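To keep things clear, I will list the structure first and then write my remarks on it.
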Amino acid sequence: MVSGLKVNFFKSKLYGINISGEFMLAASQFLFCCIDQIPFKFLGIQVGINPRRCCAWKSVVEGLKKRMSGWKARSLSIGGRVTMINAILNSVPVYVMSFYKAPKKIIKQIIQIQSRFLWLGNEDKRGIAWVSWDNVCRPKEEGGLGVKHIETFNSTLLCKWKWRMLKEETAIWKDILQTRYEDLTIRNMQDVQASKIKKSSIWWRDVVSAGRVVLADKTCADIFMIKVKYKVGSGEKTVFWHNIWIGDKPLKEEFHEVYAKVVNKLGRVCELWKSAPLVWKWDLGISKEVLISMNGTAARQLKELEEILEEIEIRQEQQDTIWWWPEQDGIFSVKSFYDRARKKVTTNDELQVEQTHYLKHIWKG
(Lines of atoms letter the chains of each structure in order from A; the text may use other names.)
(Lines give C-alpha, C1' and ligand atoms only; values in the text may rest on other atoms or scores of the structure.)
Protein backbone atom coordinates (compact mmCIF):
# COMPACT_ATOMS: atom_id res chain seq x y z
CA MET A 17 0.00 0.00 0.00
CA VAL A 18 2.36 2.72 -1.23
CA SER A 19 -0.37 5.36 -1.11
CA GLY A 20 -1.19 4.60 2.52
CA LEU A 21 -4.77 3.63 1.69
CA LYS A 22 -6.26 0.65 3.49
CA VAL A 23 -9.33 -1.51 3.01
CA ASN A 24 -12.25 -0.37 5.17
CA PHE A 25 -13.59 -3.72 6.35
CA PHE A 26 -16.53 -2.05 8.12
CA LYS A 27 -17.84 -0.98 4.71
CA SER A 28 -16.92 -4.29 3.06
CA LYS A 29 -19.07 -7.38 2.66
CA LEU A 30 -18.15 -11.03 2.41
CA TYR A 31 -19.66 -13.38 -0.19
CA GLY A 32 -19.22 -17.12 -0.34
CA ILE A 33 -19.72 -19.60 -3.18
CA ASN A 34 -19.95 -23.26 -2.13
CA ILE A 35 -18.59 -22.28 1.31
CA SER A 36 -20.01 -23.57 4.60
CA GLY A 37 -21.82 -21.18 6.92
CA GLU A 38 -19.38 -21.89 9.76
CA PHE A 39 -16.40 -20.82 7.66
CA MET A 40 -18.19 -17.67 6.47
CA LEU A 41 -19.06 -16.72 10.04
CA ALA A 42 -15.48 -17.26 11.23
CA ALA A 43 -14.09 -15.26 8.27
CA SER A 44 -16.47 -12.35 8.88
CA GLN A 45 -15.53 -12.19 12.55
CA PHE A 46 -11.84 -12.28 11.70
CA LEU A 47 -12.13 -9.53 9.05
CA PHE A 48 -14.76 -7.49 10.94
CA CYS A 49 -17.09 -7.29 7.93
CA CYS A 50 -20.68 -8.30 7.19
CA ILE A 51 -21.90 -11.39 5.34
CA ASP A 52 -24.11 -10.79 2.31
CA GLN A 53 -25.86 -12.97 -0.25
CA ILE A 54 -25.58 -13.34 -4.01
CA PRO A 55 -27.03 -11.68 -6.09
CA PHE A 56 -25.96 -8.19 -4.99
CA LYS A 57 -25.69 -4.77 -6.58
CA PHE A 58 -22.29 -3.29 -7.40
CA LEU A 59 -21.99 0.16 -9.02
CA GLY A 60 -25.62 -0.05 -10.11
CA ILE A 61 -25.28 -3.48 -11.77
CA GLN A 62 -26.83 -6.64 -10.35
CA VAL A 63 -24.09 -9.27 -9.91
CA GLY A 64 -24.90 -12.97 -9.85
CA ILE A 65 -28.33 -12.71 -11.48
CA ASN A 66 -29.61 -14.54 -14.52
CA PRO A 67 -30.23 -11.67 -16.98
CA ARG A 68 -32.58 -13.84 -19.03
CA ARG A 69 -35.11 -13.90 -16.19
CA CYS A 70 -37.62 -11.08 -16.31
CA CYS A 71 -37.51 -10.66 -12.53
CA ALA A 72 -33.90 -9.44 -12.88
CA TRP A 73 -35.19 -6.44 -14.85
CA LYS A 74 -38.03 -5.53 -12.49
CA SER A 75 -36.22 -2.47 -11.11
CA VAL A 76 -35.53 -1.17 -14.64
CA VAL A 77 -39.17 -1.43 -15.73
CA GLU A 78 -40.41 0.08 -12.46
CA GLY A 79 -37.89 2.89 -12.82
CA LEU A 80 -39.32 3.77 -16.24
CA LYS A 81 -42.88 3.79 -14.92
CA LYS A 82 -41.84 5.93 -11.97
CA ARG A 83 -40.20 8.48 -14.25
CA MET A 84 -43.39 8.70 -16.30
CA SER A 85 -45.77 9.11 -13.39
CA GLY A 86 -44.54 12.61 -12.53
CA TRP A 87 -44.69 14.05 -16.04
CA LYS A 88 -47.50 16.18 -17.42
CA ALA A 89 -47.21 14.37 -20.73
CA ARG A 90 -50.64 15.36 -22.02
CA SER A 91 -49.53 19.00 -22.12
CA LEU A 92 -46.53 18.11 -24.31
CA SER A 93 -46.59 18.07 -28.10
CA ILE A 94 -45.56 14.96 -30.03
CA GLY A 95 -42.15 16.56 -30.57
CA GLY A 96 -41.82 17.16 -26.82
CA ARG A 97 -42.72 13.55 -26.05
CA VAL A 98 -40.18 12.26 -28.56
CA THR A 99 -37.53 14.42 -26.87
CA MET A 100 -38.48 13.07 -23.46
CA ILE A 101 -38.35 9.47 -24.72
CA ASN A 102 -34.87 9.91 -26.18
CA ALA A 103 -33.56 11.95 -23.26
CA ILE A 104 -35.00 9.95 -20.35
CA LEU A 105 -36.96 6.82 -21.24
CA ASN A 106 -34.07 5.54 -23.36
CA SER A 107 -31.41 6.64 -20.88
CA VAL A 108 -32.80 4.89 -17.78
CA PRO A 109 -32.06 1.30 -18.91
CA VAL A 110 -28.87 2.13 -20.87
CA TYR A 111 -26.44 1.47 -18.01
CA VAL A 112 -27.80 -2.02 -17.35
CA MET A 113 -28.20 -2.77 -21.07
CA SER A 114 -24.56 -1.91 -21.68
CA PHE A 115 -23.70 -5.04 -19.70
CA TYR A 116 -26.67 -7.42 -20.01
CA LYS A 117 -28.90 -8.47 -22.89
CA ALA A 118 -32.54 -7.81 -22.10
CA PRO A 119 -35.09 -10.63 -22.63
CA LYS A 120 -37.64 -10.24 -25.43
CA LYS A 121 -40.44 -9.81 -22.90
CA ILE A 122 -38.65 -6.90 -21.21
CA ILE A 123 -37.95 -5.28 -24.58
CA LYS A 124 -41.65 -5.56 -25.37
CA GLN A 125 -42.62 -4.00 -22.03
CA ILE A 126 -40.24 -1.06 -22.50
CA ILE A 127 -41.48 -0.43 -26.04
CA GLN A 128 -45.06 -0.59 -24.75
CA ILE A 129 -44.28 2.03 -22.10
CA GLN A 130 -42.65 4.27 -24.69
CA SER A 131 -45.45 3.82 -27.22
CA ARG A 132 -48.20 4.64 -24.74
CA PHE A 133 -46.33 7.70 -23.57
CA LEU A 134 -45.85 8.88 -27.16
CA TRP A 135 -49.44 8.41 -28.34
CA LEU A 136 -51.47 8.82 -25.15
CA GLY A 137 -49.28 10.71 -22.72
CA ASN A 138 -50.31 8.30 -19.96
CA GLU A 139 -48.95 4.79 -19.42
CA ASP A 140 -52.13 3.56 -17.70
CA LYS A 141 -54.46 4.27 -20.60
CA ARG A 142 -55.21 2.14 -23.64
CA GLY A 143 -55.48 3.53 -27.12
CA ILE A 144 -54.37 3.32 -30.72
CA ALA A 145 -50.78 3.51 -31.91
CA TRP A 146 -51.20 5.27 -35.23
CA VAL A 147 -47.83 4.20 -36.64
CA SER A 148 -45.88 0.98 -36.13
CA TRP A 149 -43.01 1.28 -33.67
CA ASP A 150 -40.44 0.24 -36.30
CA ASN A 151 -41.48 3.25 -38.39
CA VAL A 152 -41.36 5.53 -35.35
CA CYS A 153 -37.76 4.40 -34.82
CA ARG A 154 -36.71 5.29 -38.35
CA PRO A 155 -34.44 8.34 -38.83
CA LYS A 156 -36.27 11.58 -39.50
CA GLU A 157 -34.90 11.74 -43.05
CA GLU A 158 -36.67 8.42 -43.72
CA GLY A 159 -40.01 9.59 -42.35
CA GLY A 160 -39.62 8.39 -38.76
CA LEU A 161 -39.35 10.25 -35.47
CA GLY A 162 -35.76 9.30 -34.70
CA VAL A 163 -36.57 7.34 -31.52
CA LYS A 164 -33.94 4.74 -30.68
CA HIS A 165 -35.13 1.15 -30.98
CA ILE A 166 -34.26 -0.25 -27.57
CA GLU A 167 -33.51 -3.81 -28.78
CA THR A 168 -31.07 -2.67 -31.47
CA PHE A 169 -29.55 -0.19 -29.03
CA ASN A 170 -29.04 -2.98 -26.45
CA SER A 171 -27.19 -5.08 -29.03
CA THR A 172 -25.10 -2.06 -30.05
CA LEU A 173 -23.99 -1.42 -26.47
CA LEU A 174 -22.93 -5.06 -26.07
CA CYS A 175 -20.92 -4.83 -29.30
CA LYS A 176 -18.73 -2.27 -27.60
CA TRP A 177 -17.42 -5.13 -25.43
CA LYS A 178 -16.46 -7.01 -28.60
CA TRP A 179 -14.58 -3.99 -29.83
CA ARG A 180 -12.78 -3.57 -26.51
CA MET A 181 -11.75 -7.24 -26.59
CA LEU A 182 -10.08 -6.66 -29.94
CA LYS A 183 -8.40 -3.36 -29.02
CA GLU A 184 -7.48 -3.35 -25.31
CA GLU A 185 -4.35 -5.40 -24.91
CA THR A 186 -3.45 -4.80 -21.25
CA ALA A 187 -6.86 -4.74 -19.54
CA ILE A 188 -7.12 -7.04 -16.51
CA TRP A 189 -10.72 -8.00 -17.33
CA LYS A 190 -9.54 -9.15 -20.78
CA ASP A 191 -6.87 -11.35 -19.19
CA ILE A 192 -9.59 -13.07 -17.15
CA LEU A 193 -11.69 -13.71 -20.25
CA GLN A 194 -8.60 -14.84 -22.15
CA THR A 195 -7.90 -17.43 -19.43
CA ARG A 196 -11.49 -18.69 -19.56
CA TYR A 197 -12.16 -18.61 -23.31
CA GLU A 198 -8.62 -18.68 -24.75
CA ASP A 199 -8.44 -16.88 -28.12
CA LEU A 200 -10.88 -13.94 -27.98
CA THR A 201 -10.34 -13.06 -31.65
CA ILE A 202 -11.62 -16.48 -32.69
CA ARG A 203 -14.34 -16.54 -30.05
CA ASN A 204 -15.73 -13.23 -31.30
CA MET A 205 -16.72 -14.95 -34.54
CA GLN A 206 -20.24 -16.26 -34.10
CA ASP A 207 -20.01 -18.92 -36.82
CA VAL A 208 -16.79 -20.34 -35.32
CA GLN A 209 -18.04 -20.11 -31.75
CA ALA A 210 -21.40 -21.82 -32.38
CA SER A 211 -20.16 -25.35 -31.69
CA LYS A 212 -18.59 -24.46 -28.32
CA ILE A 213 -20.80 -21.64 -27.13
CA LYS A 214 -23.08 -23.88 -25.02
CA LYS A 215 -20.29 -24.38 -22.46
CA SER A 216 -19.90 -20.64 -21.96
CA SER A 217 -21.57 -18.31 -19.48
CA ILE A 218 -24.83 -16.55 -20.32
CA TRP A 219 -23.08 -13.17 -20.41
CA TRP A 220 -20.43 -14.42 -22.81
CA ARG A 221 -22.99 -16.01 -25.13
CA ASP A 222 -24.96 -12.77 -25.26
CA VAL A 223 -21.88 -10.67 -26.01
CA VAL A 224 -20.63 -13.01 -28.76
CA SER A 225 -24.06 -13.08 -30.41
CA ALA A 226 -24.44 -9.28 -30.23
CA GLY A 227 -24.44 -7.57 -33.60
CA ARG A 228 -26.27 -10.33 -35.39
CA VAL A 229 -29.46 -9.12 -37.05
CA VAL A 230 -32.22 -10.70 -39.08
CA LEU A 231 -32.30 -9.04 -42.48
CA ALA A 232 -35.40 -8.26 -44.51
CA ASP A 233 -34.91 -11.49 -46.47
CA LYS A 234 -35.01 -13.45 -43.14
CA THR A 235 -31.31 -14.33 -43.25
CA CYS A 236 -28.90 -13.59 -40.39
CA ALA A 237 -25.78 -11.45 -40.64
CA ASP A 238 -23.04 -10.45 -38.20
CA ILE A 239 -22.91 -6.75 -38.99
CA PHE A 240 -20.23 -6.10 -36.38
CA MET A 241 -17.43 -8.22 -37.83
CA ILE A 242 -18.07 -7.03 -41.40
CA LYS A 243 -17.28 -3.47 -40.25
CA VAL A 244 -13.97 -4.42 -38.62
CA LYS A 245 -10.94 -4.27 -40.91
CA TYR A 246 -7.40 -5.40 -40.23
CA LYS A 247 -4.23 -3.74 -41.50
CA VAL A 248 -1.72 -6.54 -41.50
CA GLY A 249 1.76 -6.09 -40.10
CA SER A 250 3.14 -9.31 -38.70
CA GLY A 251 -0.19 -11.11 -39.19
CA GLU A 252 -0.34 -12.40 -35.60
CA LYS A 253 -3.79 -10.95 -34.84
CA THR A 254 -5.45 -11.49 -38.22
CA VAL A 255 -7.32 -14.72 -39.00
CA PHE A 256 -6.56 -15.37 -42.67
CA TRP A 257 -9.96 -16.60 -43.89
CA HIS A 258 -12.38 -14.93 -41.47
CA ASN A 259 -11.16 -11.38 -40.85
CA ILE A 260 -11.42 -8.63 -43.46
CA TRP A 261 -7.87 -7.64 -44.43
CA ILE A 262 -7.98 -7.85 -48.24
CA GLY A 263 -10.89 -6.16 -50.01
CA ASP A 264 -14.27 -5.52 -48.38
CA LYS A 265 -15.24 -9.00 -47.20
CA PRO A 266 -13.61 -12.11 -45.69
CA LEU A 267 -11.57 -14.32 -48.03
CA LYS A 268 -13.78 -17.28 -47.09
CA GLU A 269 -16.66 -15.55 -48.91
CA GLU A 270 -14.66 -14.21 -51.84
CA PHE A 271 -12.93 -17.58 -52.45
CA HIS A 272 -15.46 -20.00 -50.97
CA GLU A 273 -14.47 -22.91 -53.21
CA VAL A 274 -10.86 -22.72 -52.03
CA TYR A 275 -11.94 -22.24 -48.41
CA ALA A 276 -13.96 -25.47 -48.54
CA LYS A 277 -10.78 -27.44 -49.33
CA VAL A 278 -8.57 -25.88 -46.66
CA VAL A 279 -7.75 -27.94 -43.57
CA ASN A 280 -6.78 -25.14 -41.15
CA LYS A 281 -9.73 -22.78 -41.48
CA LEU A 282 -8.75 -20.73 -38.41
CA GLY A 283 -5.11 -20.16 -39.32
CA ARG A 284 -3.69 -16.69 -38.83
CA VAL A 285 -1.86 -14.79 -41.54
CA CYS A 286 1.49 -15.31 -39.83
CA GLU A 287 0.89 -19.08 -39.74
CA LEU A 288 0.24 -19.29 -43.47
CA TRP A 289 3.21 -17.09 -44.34
CA LYS A 290 5.97 -19.67 -44.03
CA SER A 291 9.68 -19.78 -44.55
CA ALA A 292 11.06 -21.93 -47.36
CA PRO A 293 14.74 -22.32 -48.33
CA LEU A 294 16.02 -18.81 -49.13
CA VAL A 295 12.49 -17.42 -49.53
CA TRP A 296 9.14 -16.81 -47.79
CA LYS A 297 5.96 -18.09 -49.39
CA TRP A 298 2.25 -18.64 -48.72
CA ASP A 299 1.10 -22.08 -47.64
CA LEU A 300 -2.72 -22.27 -47.64
CA GLY A 301 -2.71 -25.77 -46.16
CA ILE A 302 -4.19 -27.60 -49.13
CA SER A 303 -2.88 -31.13 -49.60
CA LYS A 304 -1.12 -32.10 -52.85
CA GLU A 305 -3.85 -34.60 -53.71
CA VAL A 306 -6.52 -31.90 -53.44
CA LEU A 307 -4.42 -29.43 -55.45
CA ILE A 308 -4.06 -31.94 -58.28
CA SER A 309 -7.79 -32.69 -58.34
CA MET A 310 -8.88 -29.01 -58.28
CA ASN A 311 -10.50 -27.74 -61.46
CA GLY A 312 -13.21 -25.39 -62.65
CA THR A 313 -14.24 -22.64 -60.22
CA ALA A 314 -11.97 -23.85 -57.41
CA ALA A 315 -8.86 -23.77 -59.63
CA ARG A 316 -9.76 -20.33 -60.98
CA GLN A 317 -10.34 -18.92 -57.49
CA LEU A 318 -7.04 -20.40 -56.24
CA LYS A 319 -5.13 -18.75 -59.08
CA GLU A 320 -6.80 -15.38 -58.39
CA LEU A 321 -6.00 -15.65 -54.67
CA GLU A 322 -2.36 -16.52 -55.33
CA GLU A 323 -2.03 -13.49 -57.60
CA ILE A 324 -3.45 -11.23 -54.90
CA LEU A 325 -1.19 -12.69 -52.19
CA GLU A 326 1.91 -12.05 -54.32
CA GLU A 327 1.30 -8.32 -53.77
CA ILE A 328 0.97 -8.64 -49.99
CA GLU A 329 3.98 -7.71 -47.89
CA ILE A 330 4.28 -9.05 -44.33
CA ARG A 331 6.19 -6.80 -41.92
CA GLN A 332 7.23 -8.94 -39.00
CA GLU A 333 8.43 -5.96 -36.98
CA GLN A 334 4.99 -4.28 -37.03
CA GLN A 335 1.80 -5.21 -35.19
CA ASP A 336 -1.54 -5.66 -36.90
CA THR A 337 -3.92 -2.72 -36.47
CA ILE A 338 -7.69 -2.99 -36.17
CA TRP A 339 -9.88 -0.40 -37.87
CA TRP A 340 -13.59 0.42 -37.53
CA TRP A 341 -14.09 1.56 -41.10
CA PRO A 342 -17.45 3.43 -40.75
CA GLU A 343 -15.57 6.10 -38.75
CA GLN A 344 -12.77 8.21 -40.20
CA ASP A 345 -10.64 7.84 -37.07
CA GLY A 346 -11.15 4.06 -37.09
CA ILE A 347 -12.59 4.02 -33.55
CA PHE A 348 -15.82 2.16 -32.81
CA SER A 349 -18.77 4.37 -31.90
CA VAL A 350 -22.19 3.32 -30.68
CA LYS A 351 -23.89 5.82 -32.99
CA SER A 352 -22.23 4.60 -36.19
CA PHE A 353 -23.00 0.96 -35.43
CA TYR A 354 -26.60 1.66 -34.38
CA ASP A 355 -27.32 3.62 -37.58
CA ARG A 356 -26.05 0.77 -39.76
CA ALA A 357 -27.81 -1.89 -37.71
CA ARG A 358 -31.17 -0.16 -38.19
CA LYS A 359 -30.57 0.21 -41.92
CA LYS A 360 -29.85 -3.51 -42.22
CA VAL A 361 -33.07 -4.41 -40.42
CA THR A 362 -35.26 -2.12 -42.55
CA THR A 363 -33.44 -2.44 -45.88
CA ASN A 364 -36.43 -3.86 -47.82
CA ASP A 365 -38.70 -1.02 -46.84
CA GLU A 366 -36.47 1.92 -47.66
CA LEU A 367 -38.10 4.96 -49.15
CA GLN A 368 -37.41 6.30 -52.60
CA VAL A 369 -34.84 9.08 -52.96
CA GLU A 370 -37.54 11.53 -54.08
CA GLN A 371 -39.60 10.83 -50.94
CA THR A 372 -36.70 11.23 -48.51
CA HIS A 373 -35.81 14.55 -50.17
CA TYR A 374 -39.17 16.04 -49.13
CA LEU A 375 -39.23 14.33 -45.73
CA LYS A 376 -36.00 16.06 -44.72
CA HIS A 377 -37.77 19.43 -44.87
CA ILE A 378 -40.73 18.36 -42.69
CA TRP A 379 -38.65 18.44 -39.48
CA LYS A 380 -37.02 21.81 -40.23
CA GLY A 381 -38.33 25.01 -38.82
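Sequential numbering from 17 applies to the sequence shown in this note's numbering.
From the three backbone atoms N, C-alpha and C, an ideal C-beta is built for every residue, glycine too.
Since the model is a prediction, treat every value here as computed from it, not as a measurement.
* Buried or exposed: where does Ile101 fall if 16 or more other Cβ atoms within 10 Å of its Cβ makes it buried? -> The residue labelled residue 101 in the question sits at position 85 within the sequence shown. With 16 or more Cβ atoms within 10 Å of its Cβ, Ile101 is classed as buried.
* **Of the listed residues Glu287, Gly160, Arg97 and Lys277, nearest to Lys304 (C-alpha basis)** => On the sequence shown, residue 304 is found 288 positions in, with the first residue counted as 1. Among Glu287, Gly160, Arg97 and Lys277, the Cα nearest to that of Lys304 is on Lys277.
* Asked: Is DSSP giving Gln128 helix, strand or coil here?
  -> Stepping through the sequence shown from its first residue, residue 128 is reached at position 112. The answer is helix: DSSP assigns Gln128 an H, G or I state.
* Asked: Residues in its own chain within less than 7 Å of Trp341 by CB, not counting five upstream and five downstream?
  -> Counting from 1 along the sequence shown, the entry for residue 341 is found at position 325. Taken in chain order, the residues that qualify are Lys243 and Lys245.
* To do: Could you check if Ser28 is buried or exposed, using at least 16 other CB atoms within 10 Å of its CB as the buried criterion?
  => Numbered from its first residue, the sequence shown carries residue 28 at position 12. It counts as exposed.
* Asked: Thinking just about the alpha-carbon of each residue, which of Ser36, Glu273 and Ile338 is nearest to the one in Thr254?
  -> Translated into positions along the sequence shown, residue 254 becomes position 238. Selected option, being the one with the closest Cα: Ile338.
* Asked: According to DSSP, which residues form a beta bridge with Arg284?
  -> What you label residue 284 is simply residue 268 of the sequence shown in a count that begins at 1. Partner(s): Val255.
* To do: Report yes if the CB atom of Ile123 is closer than 8 Å to the CB atom of Ile166, and no otherwise.
  => Translated into positions along the sequence shown, residue 123 becomes position 107. Translated into positions along the sequence shown, residue 166 becomes position 150. Yes, Cβ-Cβ distance for Ile123 and Ile166 is below 8 Å.
* Asked: Any idea what DSSP makes of Lys164, helix, strand or coil?
  -> As a working note, residue 164 is residue 148 in the sequence shown. Residue state for Lys164 is assigned as coil, using DSSP reduced to three classes.
* Asked: By Cβ distance, which residues of its chain are closer than 7 Å to Ile127, with the 5 residues on each side in sequence left out?
  -> Position 111 of the sequence shown holds residue 127. So the qualifying residues of the chain are Trp149 and Ile166.
* Between the C-alpha atoms of Val23 and Glu184, what's the straight-line distance to the nearest angstrom? -> Mapped onto the sequence shown, residue 23 falls at position 7. Mapped onto the sequence shown, residue 184 falls at position 168. Straight-line Cα distance between these residues: approximately 28 Å.
* Asked: Rounded to whole angstroms, how far is the Cβ of Leu161 from the Cβ of Val110, which I believe are closer than 8 Å?
  -> Indexing the sequence shown from 1 puts residue 161 at position 145. Indexing the sequence shown from 1 puts residue 110 at position 94. So it is not a contact: roughly 19 Å between Cβ atoms.
* Asked: In whole angstroms, what separates the C-alpha of Phe389 from that of Ile104?
  -> Nothing can be reported for residue 389: it is not among the residues displayed for the chain, which extend from 17 to 381.
* Asked: What does Tyr246 pair with, by DSSP beta-bridge criteria?
  -> Position 230 of the sequence shown, counted from the first residue, corresponds to residue 246. Partner(s): Ile338.
* **Start and end residues, alpha helix (DSSP H) containing Ile61** => Taking the first residue of the sequence shown as 1, we reach residue 61 at position 45. Taken as a continuous stretch (DSSP letters only), Ile61 belongs to no alpha helix (DSSP H), being part of the beta strand (DSSP E) at Ile61 to Val63.
* Using the rule of at least 16 other Cβ atoms within 10 Å of the residue's Cβ for burial, across every protein chain shown, is Pro67 buried or exposed? -> Numbered from its first residue, the sequence shown carries residue 67 at position 51. With 16 or more Cβ atoms within 10 Å of its Cβ, Pro67 is classed as buried.
* Rounded separation between Val279 and Pro119 - CA only -> As a position in the sequence shown, residue 279 is number 263, starting the count at 1. As a position in the sequence shown, residue 119 is number 103, starting the count at 1. Their backbone Cα atoms lie some 39 Å apart in a straight line.
* Mark Gly96 as exposed unless 16 or more other C-beta atoms lie within 10 angstroms of its C-beta, in which case mark it buried. => If you number the sequence shown from 1, residue 96 lands on position 80. Classification for Gly96: exposed.
* Asked: By Cβ distance below 7 Å, which residues in the same chain neighbour Gln62 in space, the five residues on each side in sequence not counted?
  -> The residue labelled residue 62 in the question sits at position 46 within the sequence shown. Answer for Gln62: Pro55 and Ala72, listed in chain order.
* Between Gly251 and Val285, which are expected to be in contact by the criterion C-beta below 8 Å, what is the C-beta distance as a whole number of angstroms? -> On the sequence shown, residue 251 is found 235 positions in, with the first residue counted as 1. On the sequence shown, residue 285 is found 269 positions in, with the first residue counted as 1. Right, the Cβ-Cβ distance comes to about 3 Å (below 8 Å), so this counts as a contact.
* Where does Asp199 fall in DSSP's three states? -> Residue mapping note: residue 199 aligns to position 183 of the sequence shown, counting from 1. Asp199 falls in the coil class under three-state DSSP.
* Which residue from Gln317, Arg180, Pro266 and Arg154 puts its Cα closest to that of Thr168? -> One-based indexing of the sequence shown puts residue 168 at position 152. Ranking the options by Cα distance to Thr168, first place goes to Arg154.
* Asked: Whose C-alpha, out of Gly283, Arg316 and Val229, is nearest the C-alpha of Arg358?
  -> Start at 1 with the first residue of the sequence shown, and residue 358 comes out as number 342. It is Val229.
* Using DSSP with H/G/I as helix, E/B as strand and the rest coil, what is Ile260? -> For this step, residue 260 is matched to residue 244 along the sequence shown. In the three-state DSSP reduction, Ile260 falls in the strand class (E or B).
* Ala42, enclosing alpha helix (DSSP H) - first and last residue -> Your numbering for residue 42 matches position 26 in the sequence shown. Under the DSSP assignment, Ala42 falls in the alpha helix (DSSP H) whose first and last residues are Gly37 to Leu47.
* How many Å lie between Gly32 and Phe240 at the Cα? -> Position 16 of the sequence shown holds residue 32. Position 224 of the sequence shown holds residue 240. Straight-line measurement puts the Cα of Phe240 at about 38 Å from the Cα of Gly32.
* To do: List the endpoints of the continuous alpha helix (DSSP H) containing Ala314.
  => By 1-based counting over the sequence shown, the position of residue 314 is 298. First-last of the alpha helix (DSSP H) with Ala314: Gly312 to Leu325.
* **For Lys156, the first and last residue of its enclosing beta strand (DSSP E)** => Numbered from 1 along the sequence shown, position 140 holds the residue referred to as residue 156. From DSSP, Lys156 is part of no beta strand (DSSP E); its letter is neither H nor E.
* **C-alpha distance - Thr327 paired with Thr195, whole-angstrom precision** => Position 311 of the sequence shown, counted from the start, is the residue given in the question as residue 327. Position 179 of the sequence shown, counted from the start, is the residue given in the question as residue 195. In the sequence under discussion, the amino acid at residue 327 is Glu, which differs from the Thr named in the question. Glu327 and Thr195: Cα-Cα distance of roughly 37 Å.
* Do Gly125 and Val77 have their C-beta atoms closer together than 8 Å? -> Residue numbering aside, residue 125 sits at position 109 when the sequence shown is read from its first letter. Residue numbering aside, residue 77 sits at position 61 when the sequence shown is read from its first letter. First, the amino acid is wrong: residue 125 is Gln here, not Gly. A contact, by the Cβ cut-off of 8 Å.
* **Whole-Å CB distance - Phe271 paired with Gln317, under 8 Å assumed** => The residue you call residue 271 lines up with position 255 of the sequence shown. The residue you call residue 317 lines up with position 301 of the sequence shown. Correct: roughly 5 Å between the Cβ atoms.
* Identify every residue that forms a DSSP beta bridge with Ala237. => Residue mapping note: residue 237 aligns to position 221 of the sequence shown, counting from 1. Answer is Val229.
* Going by C-alpha distance, which of Gly37, Val248 and Phe133 is nearest Cys50? -> Taking the first residue of the sequence shown as 1, we reach residue 50 at position 34. It is Gly37 whose Cα lies nearest to the Cα of Cys50.
* Nearest CA to the CA of Asp390: which residue from Gln53, Leu182 and Lys81? -> Given a span of 17 to 381 for the chain in the structure shown, any question on residue 390 remains unanswerable.
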